[in-house]
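Accompanying notes for the structure given below.
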Amino acid sequence: MPGPIQAIERAAAILSVLARAPYGVGVSEIAGALGLAKGTAHGLLRTLMLVGFVEQSESGRYALGSRLPDSRSREVDGNVLRAHAMTWADGLVSRTGLSARVATLHDQSAVVVHHVFRPGDPAQTLRLGVRLPLHATALGKALLAFTPGLAEQRTGTDLVSYTSRTVTTTREVASALSAVRSHGWAADTGEFRADRASVAAPIRDRGGRVVGAIAVVGTVDAVTAGRGSTGKGPDPALTDRVREAARAVGDELGGDP
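Numbering (the numbering used here), first residue to last: 1 to 257.
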C-alpha cells in the first residue's frame, strides 16, 4: 500500500489545531504549533478556505469553516499517552537521577498522567491527576507554546505569581513561549516552587499536533548543573535527553521523528 500523503496529514493537523482554538488563530501560530514554514502553512490554509473547511476573519485569524461541524477535537486520552510514555519516562529517571512526569492539556492546565520517582526519593507521593499551571511550569509552557490561541487567552487573564521568579505579564509570557518554540523545549527554574526546576519537551502525534509533554524535575542545582544562579538555564545534556524521550514517545504514537 502507498504511504501517507504528507499534505493531507498536514491539512488534517491544521484542522485539529483550529478545532482546539475557539477564538481563532493566526498563520504564525499555526506554523509554530506544527513546526511548519509560514509559507507552507499559508498555502494549506488557502486551499482549506477554497473548499470551505477554514474561514478567515477580518482580523486575519483562522477558524473552522461552515462546511465542518463546529466541534472541538478531544485531547489525547491520558491513559493512551501514559502507556506509550512509561518506558521512556523510566529511562529518563535512570539516566538522569531525576524524577519524570508526563502531562496532557486539559481545561487550561497541565494534568499529570504519569509520574516516575527518582531513585531513593523519600517523598513517594503519587502525583497522577495533579493540575499544574501553564505559565509557571516547564510542562505547562511546553503545552501552552504549541496550542495556538490558548496563549492569548491565558495572558489576557490575571496570572498567579507562585514565587519571585514567576513570569506573569503578557510580554514576559510571550517572550518565554517564543523561546520554547525556538528551542524545542521549555524550562522553569524556581518559578512554581522556589527550590525546584524542570525541563520539558512537547510530544507530537503523526500530524504534528502537540498532544502532551514529558519532563524531568529536580532541585535547581541538579537541573541546571549549578548554572541556575548565572541565569544560563538548564544543563544542555539534560534538554537533549528530554527531547529525545519526547520524540520517542511521539514515534510510538505514530508521530514524526
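C-beta: ideal position from N, C-alpha, C; glycine also. The model shown is predicted, which means the values in this text are computed figures rather than measured ones.
task = Say whether the region 196–208 touches the region 156–176, bearing in mind that this needs 3 or more beta-carbon pairs closer than 8 angstroms, one atom from each stretch.
result = No: the two stretches stay apart, fewer than three of their Cβ pairs being nearer than 8 angstroms.
Reference F117, options M49, V111, V102, V249, closest by Cα = For the purposes of this step, residue 117 is taken as residue 117 along the sequence shown, with counting starting at 1. Selected option, being the one with the closest Cα: V102.
message = Whole angstroms are fine: how far does the CA of V111 sit from the CA of V211?
response = On the sequence shown, position 211 is the one that residue 211 refers to. On the sequence shown, position 111 is the one that residue 111 refers to. If you take the alpha carbons of V211 and V111, they lie about 12 angstroms apart.
message = Counting C-beta neighbours from all protein chains within 10 Å, is the total for A225 16 or more, i.e. buried, or is it exposed?
response = Start at 1 with the first residue of the sequence shown, and residue 225 comes out as number 225. Classification of A225: exposed, given that the 10 Å Cβ count is below 16.
Neighbour-count burial assignment, K260, 16 or more Cβ in a 10 Å radius = With the chain covering only 1 through 257, there is no way to say anything about residue 260.
Distance between T147 and R20 (C-alpha atoms, nearest Å) = As a working mapping, residue 20 is identified with position 20 in the sequence shown. As a working mapping, residue 147 is identified with position 147 in the sequence shown. R20 and T147: Cα-Cα distance of roughly 8 angstroms.
query = Smallest Cα separation from D251: which of L68, T40, E58, W88?
reply = Taking the first residue of the sequence shown as 1, we reach residue 251 at position 251. The candidate whose alpha carbon is nearest that of D251 is W88.
ask   = Per DSSP, what kind of secondary structure is V160 in: helix, strand or coil?
value = One-based indexing of the sequence shown puts residue 160 at position 160. If DSSP states are grouped into helix, strand and coil, V160 belongs with coil.
query = Under three-state DSSP, which class holds R72?
reply = Counting from one through the sequence shown, the residue named residue 72 turns up at place 72. The predicted position of R72 is uncertain, since its pLDDT is 45 and thus under 50; a value taken from the coordinates is nonetheless stated next. Looking at R72 - three-state DSSP - the assignment turns out to be coil, as it is neither helix nor strand.
request  = In the DSSP assignment, find the beta strand (DSSP E) that holds Q108 and state where it starts and stops.
outcome  = As a position in the sequence shown, residue 108 is number 108, starting the count at 1. Element bounds for Q108: n/a, residue is neither H nor E.
key: Same chain, Cβ closer than 6 angstroms to G78, five either side skipped, listed in chain order   = As a first step, residue 78 must be located in the sequence shown, where it is residue number 78. Only T104, V113 meet the Cβ criterion.
request  = Please confirm if the region 130–140 is in contact with the region 183–193, defined as three or more CB-CB distances below 8 angstroms between the two stretches.
outcome  = yes
ask   = In terms of residue numbering, what span does the beta strand (DSSP E) encompassing R204 cover?
value = Here the question's residue 204 lines up with position 204 in the sequence shown. From DSSP, the beta strand (DSSP E) with R204 extends over 196–204.
request  = Spatial neighbours of Y162 within its chain, please: CB distance less than 8 angstroms, with the 5 preceding and 5 following residues excluded, ordered by chain position.
outcome  = The residue labelled residue 162 in the question sits at position 162 within the sequence shown. Excluding positions up to five away in sequence, the list reads P133, A136, E191, F192, R193.
inquiry  = Let's test the definition: count the other Cβ atoms within 10 Å of the Cβ of S99 and tell me whether it reaches 16, buried, or not, exposed.
reply    = Numbered from 1 along the sequence shown, position 99 holds the residue referred to as residue 99. Buried is the call here.
request  = Spell out the partners DSSP gives V54 in its beta bridges.
outcome  = Residue 54 sits at position 54 when you count from the first residue of the sequence shown. In DSSP, V54 forms a bridge with L64.
inquiry  = Let me confirm a value: R196 is counted as buried when at least 16 other C-beta atoms fall within 10 Å, else exposed. Which label applies?
reply    = What you label residue 196 is simply residue 196 of the sequence shown in a count that begins at 1. Its Cβ being crowded by 16 or more others within 10 Å, R196 is buried.
message = Going by the DSSP bridge assignment, what does D90 pair with across the sheet?
response = Mapped onto the sequence shown, residue 90 falls at position 90. Answer is none; D90 lacks a bridge partner.
ask   = Under 9 angstroms between C-beta atoms, does A176 make it to chain C?
value = Checking the listed chains, one finds no chain C in this structure; it contains a single protein chain.
key: Candidates G254, W185, V27, L50: closest to T40 by CA position   = Within the sequence shown, the letter at position 40 stands for residue 40. Of G254, W185, V27, L50, the residue nearest in Cα terms is V27.
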